[in-house]
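Participant: Note that full-length UniProt numbering has the sequence shown beginning at 1, numbered continuously upward.
Submitted below is the structure of interest, expressed as structure tokens.
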Amino acid sequence: MATTAITPENFESEVKQAGKPVLIDFWAPWCGPCRQIAPALEELSDEMDGVTIAKLNTDDHPDLAAEFGIKGIPTMILFKDGKPVSTKVGAQPKSSIKDWLDSETA
Numbered sequence: 001m002a003t004t005a006i007t008p009e010n011f012e013s014e015v016k017q018a019g020k021p022v023l024i025d026f027w028a029p030w031c032g033p034c035r036q037i038a039p040a041l042e043e044l045s046d047e048m049d050g051v052t053i054a055k056l057n058t059d060d061h062p063d064l065a066a067e068f069g070i071k072g073i074p075t076m077i078l079f080k081d082g083k084p085v086s087t088k089v090g091a092q093p094k095s096s097i098k099d100w101l102d103s104e105t106a
């Protein structure tokens, strides 16, 4: 399963109404650290059934990024029941992201 692209149009259905936790990676194409963690997030989207991994391009959707106080990227926010519950800022190794998700969704 590939990562899901989040837009203002699908935020309600993909995040707020999701039946499981959703990790949104706030990123931009020009961001080196964002590109660095992208393969790990793609792998995690295939490996983790209990979490949806999604990406929101902050260049394309700055208003939605601002709504969540995104000041630097990459920023990852974990949503449960449509609400943000945990945040990680900066590039992280895959193992750290997985450990974080495991601890937050257990």
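Just so you know, even glycine gets a beta-carbon here, dropped at the ideal spot from N, CA and C.
Source: prediction; values computed, not measured.
Can you give me the start and stop residues for the beta strand (DSSP E) that Ile24 sits inside?
Facilitator: Ile24 -> beta strand (DSSP E) spans Val22 to Trp27.
Participant: Report yes if the CB atom of Ala91 is closer than 8 angstroms to the CB atom of Gln36, and no otherwise.
Facilitator: Cβ atoms of Ala91 and Gln36: closer than 8 angstroms.
Participant: Please name the residue or residues paired with Lys71 in a DSSP beta bridge.
Facilitator: Beta-bridge pairing links Lys71 to no other residue.
Participant: Tell me where the alpha helix (DSSP H) around Ile37 begins and ends.
Facilitator: From DSSP, the alpha helix (DSSP H) with Ile37 extends over Gly32 to Glu47.
Participant: In three-state DSSP terms, what is Ala5?
Facilitator: Strand at Ala5.
Participant: If we ignore side chains and look at the alpha-carbon of each, how far apart do Phe79 and Lys20 end up?
Facilitator: So the two alpha carbons sit approximately 9 angstroms from each other.
Participant: Keeping to the same chain, check which residues put their C-beta closer than 7 angstroms to that of residue 111; ignore five residues upstream and five downstream.
Facilitator: Nothing can be reported for residue 111: it is not among the residues displayed for the chain, which extend from 1 to 106.
Participant: Based on Cα-Cα distance, which residue from Lys55, Trp100, Ile73 and Pro93 lies nearest to residue 108?
Facilitator: The displayed coordinates of the chain run from 1 to 106. Any statement about residue 108 would go beyond what the structure contains.
Participant: Could you pull the start and end residues of the beta strand (DSSP E) that Ser86 belongs to?
Facilitator: Segment Lys83 to Val89, the beta strand (DSSP E) holding Ser86.
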